[in-house]
Every structure is written in structure tokens, then in C-alpha cells.
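Undergrad:
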Amino acid sequence: MERTDYNGELRLSDVGREVKLVGWVSTRRRLGAIEFIDLRDNTGIVQLMIKEGVEVPDVRNEYVISVTGTVSKKEVPNPKLPTGDIEVIVKELKVVNKAENPPFIIADKTDALEETRLQYRYLDLRRPEMQRRLRVRAKIVQLTHEYLDKNRFLEVETPILNLATPEGARDYIVPSRLHHGSFYALPQSPQLFKQLLMIGGIERYYQIAKCFRDEDLRADRQPEFTQIDVECSFMEQDDILTLCEGMLQRYFKEIVNYDVKLPLRRIDYWDAMDTYGSDKPDTRYELTLKDVYAIMKKTSFAGFEDAKYIRAIVIPNHATETSRKVLDELQVEARKFGLKGVMFLKYNGGALSGSFTKFMDEAAQKELIETLSLKEDDLVLFAGSPYRRDVDFGLGALRTRFAKEMGLIKPGTYDLLWVINFPMFDKIEGTEDQYTAEHHPFTRPRDEDLKYLDTDPEKVLAYAYDICINGYEA
RNA sequence: GGACCAUUGGUGUAGCGGCCUAACAUGUCUCCCUGUCACGGAGAAGAUCACGAGUUCGAAUCUCGUAUGGUCCGCCA
Numbered sequence: 087m088e089r090t091d092y093n094g095e096l097r098l099s100d101v102g103r104e105v106k107l108v109g110w111v112s113t114r115r116r117l118g119a120i121e122f123i124d125l126r127d128n129t130g131i132v133q134l135m136i137k138e139g140v141e142v143p144d145v146r147n148e149y150v151i152s153v154t155g156t157v158s159k160k161e162v163p164n165p166k167l168p169t170g171d172i173e174v175i176v177k178e179l180k181v182v183n184k185a186e187n188p189p190f191i192i193a194d195k196t197d198a199l200e201e202t203r204l205q206y207r208y209l210d211l212r213r214p215e216m217q218r219r220l221r222v223r224a225k226i227v228q229l230t231h232e233y234l235d236k237n238r239f240l241e242v243e244t245p246i247l248n249l250a251t252p253e254g255a256r257d258y259i260v261p262s263r264l265h266h267g268s269f270y271a272l273p274q275s276p277q278l279f280k281q282l283l284m285i286g287g288i289e290r291y292y293q294i295a296k297c298f299r300d301e302d303l304r305a306d307r308q309p310e311f312t313q314i315d316v317e318c319s320f321m322e323q324d325d326i327l328t329l330c331e332g333m334l335q336r337y338f339k340e341i342v343n344y345d346v347k348l349p350l351r352r353i354d355y356w357d358a359m360d361t362y363g364s365d366k367p368d369t370r371y372e373l374t375l376k377d378v379y380a381i382m383k384k385t386s387f388a389g390f391e392d393a394k395y396i397r398a399i400v401i402p403n404h405a406t407e408t409s410r411k412v413l414d415e416l417q418v419e420a421r422k423f424g425l426k427g428v429m430f431l432k433y434n435g436g437a438l439s440g441s442f443t444k445f446m447d448e449a450a451q452k453e454l455i456e457t458l459s460l461k462e463d464d465l466v467l468f469a470g471s472p473y474r475r476d477v478d479f480g481l482g483a484l485r486t487r488f489a490k491e492m493g494l495i496k497p498g499t500y501d502l503l504w505v506i507n508f509p510m511f512d513k514i515e516g517t518e519d520q521y522t523a524e525h526h527p528f529t530r531p532r533d534e535d536l537k538y539l540d541t542d543p544e545k546v547l548a549y550a551y552d553i554c555i556n557g558y559e560a
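Heads up: the first sequence at position 15 corresponds to 101 in the working numbering, and the numbers run straight through without jumps.
Encoded structure:
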């Protein structure tokens with residue numbers, strides 16, 4: 087089909103040229119004798135201008151049309167569009183294909199729910215925002231190839247149909263036709279293959295690898311996903327962190343023109359947990375957890391008898407406005423993480439209030455006010471548990487909740503950091519001496535922790551680390 | 001495996017025992033409009049309120065069940 091230009095790329099420098107364009111009708115605005123059509127293709131939108139006398143067939147939204155016309159400077163430019171300085175004066179307009187009315191508005195500001203959009207995925211993909219996302223993804227893949235190739239990595243495809251490995255998540259399985267009653271497993275990651283590649287002397291391997299894990303979904307988790315998979319020989323932890331940082335820096339520069347400063351901040355797993363209540367913290371805002379064990383353990387509150395960890399979080403300007411209903415919701419939220427509940431105190435007029443004050447003598451109250459540096463109208467939430475992770479995750483969930491509600495996260499800002507020194511093991515609750523891998527079992531204990539392996543496994547930290555971007559484990 | 005929430009014109013929501021012959025926005029259709037770009041103006045069509053049973057004089061609204069979707073916990077090397 088004849089096409090001289092792409093709609094979203096026309097500029098003032100094209101004025102005077104005759105062009106042939108194709109695309110989808112985004113909107114049509116009729117003003118009596120003249121009319122306008124926004125014509126969309128995969129580069130964007132350009133305005134067509136149709137003067138009186140030009141023959142226009144029946145054209146409705148999402149019809150595919152082809153036009154011939156002349157690029158012209160607009161009398162009134164539209165600064166919101168990249169093509170806003172020009173328009174195309176139509177000489178001839180043909181309908182290539184008709185369309186039914188779409189079930190939702192095909193524009194960045196669509197009013198449809200995700201479910202509806204997924205039902206009509208092929209229409210949703212017409213939206214510029216969706217096309218942009220696919221482009222970003224493709225760009226990441228392209229940059230990854232460039233970056234890792236330059237760093238002497240060899241791309242290797244590993245098999246999809248495998249033997250099942252007993253570790254980790256549930257496998258997706260595929261029945262074997264030839265070996266009746268046997269099954270293949272789809273890879274949860276290319277872990278074993280890449281280790282074989284290292285034994286095979288490849289030294290540096292990478293793959294943009296499809297992975298499959300048959301586990302239940304979450305909002306940010308899918309059973310089938312892609313990971314940039316890397317393995318190298320003769321590298322230490324710092325070498326890997328530096329390599330990955332450099333790659334992320336490239337992504338951010340090339341895609342959103344944001345300069346990531348290296349080296350990235352690195353924080354210990356337990357610092358992240360105890361300070362932010364998460365092993366993948368968003369550190370763009372404070373609302374940090376504070377250790378109040380020494381003060382609260384002394385109170386007469388029976389609920390803290392078996393507590394080994396008691397922490398608090400201070401929410402500014404929320405003492406007065408936080409209702410009973412909201413506090414009850416916080417209870418529900420905290421209980422999801424194994425906490426029996428979350429207590430609260432309010433600080434107003436230089437004194438603490440709330441039913442918990444009856445467990446605290448005057449000295450304890452004073453100590454708490456000083457330790458937390460309480461200010462007028464502060465709301466104090468605190469919880470205790472025998473389990474460190476329960477306290478941390480429970481309060482961490484409340485931290486995230488209030489940050490969203492209070493609008494503490496500025497849109498368009500980025501927070502990248504490493505969480506390092508993950509524990510090697512986590513004791514299985516309710517057992518004496520059974521442990522599970524905290525992060526994953528394909529890591530090595532730190533050299534300095536080897537001595538605890540037999541005596542105190544929980545103390546052993548690993549050469550294991552996560553990159554966190556805006557509170558997500560990337 | 002468990003808990004909770006939702007389901008109302010094409011789309012997104014409101015209504016939460018009688019004012020419902022179901023409202024609003026948007027979309028759609030018809031007509032008008034020579035500078036719109038979230039165009040504007042006038043009018044019209046469009047919904048057995050997911051399904052099944054029950055409570056009630058009366059159910060979109062309350063109860064139970066079913067289905068579908070979602071969120072979270074478990075799970076996620």
C-alpha cells in the first residue's frame with residue numbers, strides 16, 4: 087500500500103509536501119462545512135483537515151483509511167501533540183476497511199477496566215500507551231544484548247522440556263508421548279543448565295529466559311515470566327553487582343533519560359527488614375520502624391510476654407483524624423502477617439492517649455515520647471512478636487499503606503538499591519531444627535559465616551542479593 | 001488450601017427494602033455548526049440489575065447456593 091510517511095513523525099519541516107498516509111480513525115470532529123480526523127498509526131496521531139467540497143465516504147471511529155494530502159502549518163497549534171504544529175489537508179480519502187463500534191474508548195485515557203481490556207486485547211494494543219510499553223520492553227531486550235555481548239557474555243538457549251527438579255516452586259508438567267506415564271517439567275529457571283555451562287568452560291553466559299512456575303497469582307506475579315539470566319565464572323559478589331548496576335544504568339538512561347548514580351546504595355537484609363519492614367523496601371519516604379523493645383517489654387501488657395521483638399512506627403498528623411474504623415482495618419492488615427494485633431497510641435497536647443496507656447507508667451510514657459521524638463498529633467502504631475519477620479513485615483505493610491494514603495511517593499521518581507547479605511536459612515516455624523532456604527538454595531554461605539553452619543544456621547548469611555526498584559524486587 | 005470483596009445499558013460508576021417505570025458520565029445513532037483538537041448545541045435509542053432458590057405485602061437492595069472476576073495469606077529455588 088502506498089505510504090510516504092508515518093503519521094506521528096510529521097513536523098513543520100514537512101510543510102508543503104504531498105503525503106500518502108494510512109491508519110486508524112481515532113476521532114472525527116465535524117464542524118459543518120469543514121471537519122477534522124485524528125489519524126493514528128504506530129508512531130502516533132496526526133490531524134487531517136477536510137475542507138468543503140472534498141468527497142468523504144462514511145468514516146467512523148476505528149475505520150482504517152488511506153489519504154492523500156498536503157502537509158500544512160496549523161493556524162492554531164496544539165502543543166499537546168508532537169505533530170501539533172501541522173495538519174494534513176486532505177485531497178482524497180479512501181476507506182480500506184470498516185469497523186464495528188469498539189467496546190471501549192481507544193485512547194490513553196480509556197475508561198475500561200483491565201478485565202475488559204484483556205478481553206479485547208487486540209483493541210487495547212492499539213492504544214499508544216500499550217504500544218509504548220511493548221517498545222520499552224523490546225528496548226530493554228535490545229540493550230541487554232548490547233551490554234552483555236560487550237562484556238564478553240555468550241547467549242545460550244537452554245532446553246524448555248526438562249526433567250523435574252524437586253526444589254522450589256511447583257513445576258508445570260508436559261506428558262511424554264514416547265515414555266508413557268512420564269512427564270517433562272518446564273523450567274522454573276535455567277539454573278542447572280547454566281551451572282553446567284560454567285563447568286563446560288563457557289565462563290560467561292546469559293539468556294533472556296522464559297520461566298514457568300505453577301504457583302498462585304498475585305497482582306505483580308505471573309506463572310509465566312521472562313528473566314534476564316546470567317551466570318559467570320571467576321567473579322565475586324562485587325563484580326556481579328557492578329555488572330548489573332551498569333546494565334540498569336543503561337536502561338534508565340536510554341529509556342527514560344534518567345541518570346542513575348553508581349554505585350547503588352547497598353543495605354543489609356536485616357537493616358532493610360528492621361528499618362523499612364520489607365526485604366524490598368521503597369526508600370523514597372521515611373516512616374521507618376523504631377525499636378521500642380526496651381520500653382515496651384517493661385509494661386504490664388500481657389500480650390508482650392512472649393515477644394522478642396517490639397517495634398513502632400510513627401505516623402505524623404494522624405492522631406486526631408484516624409478513626410476507629412481505620413484502626414480496625416490496620417488490625418486486619420497486621421494479622422495477615424502473623425501478628426496478633428497492632429496497638430496504638432496518640433500524642434496530643436504533650437501527652438499520650440489511648441487505651442494502651444493503662445499498661446504504661448509515667449516514666450515509660452516519657453521514655454517513649456523521647457525515644458520516638460514525638461510531635462503534636464503523631465499516631466504511634468506498634469506490635470510485638472516472638473518472630474522478627476512477623477513484626478517487620480506486619481509494620482512494613484502499614485508503612486506502605488500510609489505512604490500511599492499520604493501521597494509520600496512522588497510520581498516519576500526512582501529508587502534503586504541493593505539488598506545484600508540475605509540469611510542462608512530460615513527456621514521453619516514450630517520445628518526445633520528444620521530449616522528452609524531463605525532466599526534460594528543456589529547460593530553460597532559467606533566465608534566468614536561458615537563456622538556457624540553446624541551450630542547456629544540462622545546466623546549464616548549468604549552471597550545473595552536483590553535489586554529493588556521503587557519497592558519491587560526486580 | 002484459606003479469608004475477604006465485587007458482578008447494574010457498549011464502557012465506567014451511583015442507587016443498598018417501597019420515592020426505581022433504575023440515575024449520572026462517557027460511548028453510539030440522527031440533525032445543526034468554517035478552526036476543532038476532552039469541540040460545541042439539540043434530540044433519540046440502549047438494562048428481564050450475573051444465575052438459581054429463599055425471606056417479605058413488596059427485592060437491584062436482605063439470606064443461602066452457584067458461576068465468573070479480583071485482592072490478600074499460604075505458596076512464590
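Just so it is clear, CB atoms sit at the ideal spot from N, CA and C, and this is done for glycine as well. Computed from a predicted model, the values in this text were never measured in an experiment.
Less than 9 Å between the C-beta atoms of Asp345 and Gln335, yes or no?
TA: One-based indexing of the first sequence puts residue 345 at position 259. One-based indexing of the first sequence puts residue 335 at position 249. Cβ distance < 9 Å, so Asp345 and Gln335 count as in contact.
Undergrad: Based on the DSSP secondary-structure assignment, which residues constitute the bridge partners of Thr113?
TA: As a working mapping, residue 113 is identified with position 27 in the first sequence. In DSSP, Thr113 forms a bridge with Asp124.
Undergrad: Following the continuous alpha helix (DSSP H) through Tyr233, name the residue where it begins and the one where it ends.
TA: For the purposes of this step, residue 233 is taken as the residue at position 147 of the first sequence. Tyr233 -> alpha helix (DSSP H) spans Pro214 to Lys236.
Undergrad: Would you call the stretch 152 to 168 in contact with the stretch 96 to 109, where contact means no fewer than 3 C-beta pairs closer than 8 Å?
TA: yes
Undergrad: What does Ile151 pair with, by DSSP beta-bridge criteria?
TA: Looking up residue 151 in the first sequence gives position 65. Answer is Gly109 and Val181.
Undergrad: Hey, how far is the Cα of Lys195 from the Cα of Pro188?
TA: Taking the first sequence and counting its residues from 1, one reaches residue 195 at position 109. Taking the first sequence and counting its residues from 1, one reaches residue 188 at position 102. Cα to Cα, the separation comes out at about 15 Å.
Undergrad: Just list the beta strand (DSSP E) runs in the stretch 495 to 550, keeping only unbroken ones of 3 residues or longer that don't cross its boundaries, in chain order.
TA: 502 to 506, 511 to 513 and 521 to 523, all fully within the stretch 495 to 550.
Undergrad: Using the Cα positions of Lys296 and Phe311, report the straight-line distance between them to the nearest angstrom.
TA: Locating residue 296 in the first sequence gives position 210, counting from the first residue. Locating residue 311 in the first sequence gives position 225, counting from the first residue. Rounded to whole angstroms, Lys296 to Phe311 spans 6 Å at the Cα level.
Undergrad: Whether or not the stretch 494 to 509 and the stretch 234 to 251 are in contact is what I'm after, with contact meaning three or more pairs of Cβ atoms, one per stretch, closer than 8 Å; do they touch?
TA: no
Undergrad: Assuming Phe423 and Phe479 are in contact, meaning their beta carbons sit under 8 Å apart, how far apart are those beta carbons, in whole angstroms?
TA: Against the first sequence, residue 423 aligns to sequence position 337. Against the first sequence, residue 479 aligns to sequence position 393. At roughly 4 Å, the Cβ-Cβ gap stays under 8 Å, so Phe423 and Phe479 are in contact.
Undergrad: Quick check on the DSSP output: the alpha helix (DSSP H) that includes Leu167 runs from which residue to which?
TA: If you number the first sequence from 1, residue 167 lands on position 81. Segment: none, Leu167 is in no alpha helix (DSSP H) and carries neither H nor E.
Undergrad: According to the Cβ coordinates, are Thr408 and Ile399 closer than 9 Å?
TA: Position 322 of the first sequence, counted from the first residue, corresponds to residue 408. Position 313 of the first sequence, counted from the first residue, corresponds to residue 399. No; because the gap between Cβ atoms is not below 9 Å, this pair is not in contact.
Undergrad: Pull up the distance between the alpha-carbon of Tyr521 and that of Lys166, whole angstroms please.
TA: In the first sequence, counting from the first residue as 1, residue 521 sits at position 435. In the first sequence, counting from the first residue as 1, residue 166 sits at position 80. Their backbone Cα atoms lie some 58 Å apart in a straight line.
Undergrad: Assuming contact is defined by CB atoms lying nearer than 9 Å, are Ala405 and Asp464 in contact in what I supplied?
TA: Here residue 405 refers to the residue found at position 319 when the first sequence is read from its first residue. Here residue 464 refers to the residue found at position 378 when the first sequence is read from its first residue. Their beta carbons are under 9 Å apart, which means Ala405 touches Asp464 by this criterion.
Undergrad: To the nearest whole angstrom, what separates the beta carbons of Asp368 and Asn147, a pair I think is in contact under 8 Å?
TA: Translated into positions along the first sequence, residue 368 becomes position 282. Translated into positions along the first sequence, residue 147 becomes position 61. Rounded, the Cβ-Cβ distance is 40 Å, inconsistent with contact.
Undergrad: Work out the CA separation of Leu494 and Glu289 for me, nearest whole Å.
TA: Walking along the first sequence from the start, residue 289 turns up at place 203. Walking along the first sequence from the start, residue 494 turns up at place 408. Rounded to whole angstroms, the gap between the alpha carbons of Glu289 and Leu494 is 44 Å.
Undergrad: Closer than 8 Å is the cut-off here; do at least three beta carbon pairs connect the stretch 361 to 380 with the stretch 262 to 271?
TA: Cβ pair count under 8 Å is below three, so no.
Undergrad: Can you list, in chain order, the residues of its chain whose CB lies under 8 Å from that of Phe390, leaving out five sequence neighbours each side?
TA: Stepping through the first sequence from its first residue, residue 390 is reached at position 304. Same-chain partners within the cutoff: Met382, Lys383, Ile396 and Gly470.
Undergrad: Closer than 8 Å by C-beta to Lys339: which residues in its own chain qualify, once you throw out the five before and the five after it? Chain order, please.
TA: Taking the first residue of the first sequence as 1, we reach residue 339 at position 253. Once the five neighbours on either side are set aside, the close Cβ partners of Lys339 are Asp345 and Val346.
Undergrad: Would you list, in sequence order, the uninterrupted beta strand (DSSP E) runs of no fewer than 3 residues that lie entirely inside the stretch 371 to 426?
TA: 375 to 377 and 395 to 401
Undergrad: Is the Cβ-Cβ distance between Tyr545 and Tyr473 less than 9 Å?
TA: Locating residue 545 in the first sequence gives position 459, counting from the first residue. Locating residue 473 in the first sequence gives position 387, counting from the first residue. First, the residue type needs correcting, since residue 545 is Lys and not Tyr in the sequence shown. No, Cβ-Cβ distance for Lys545 and Tyr473 is not below 9 Å.
Undergrad: Looking only at DSSP bridge pairs, what is Met135 linked to?
TA: Against the first sequence, residue 135 aligns to sequence position 49. Paired residue(s): Phe122 and Ile175.
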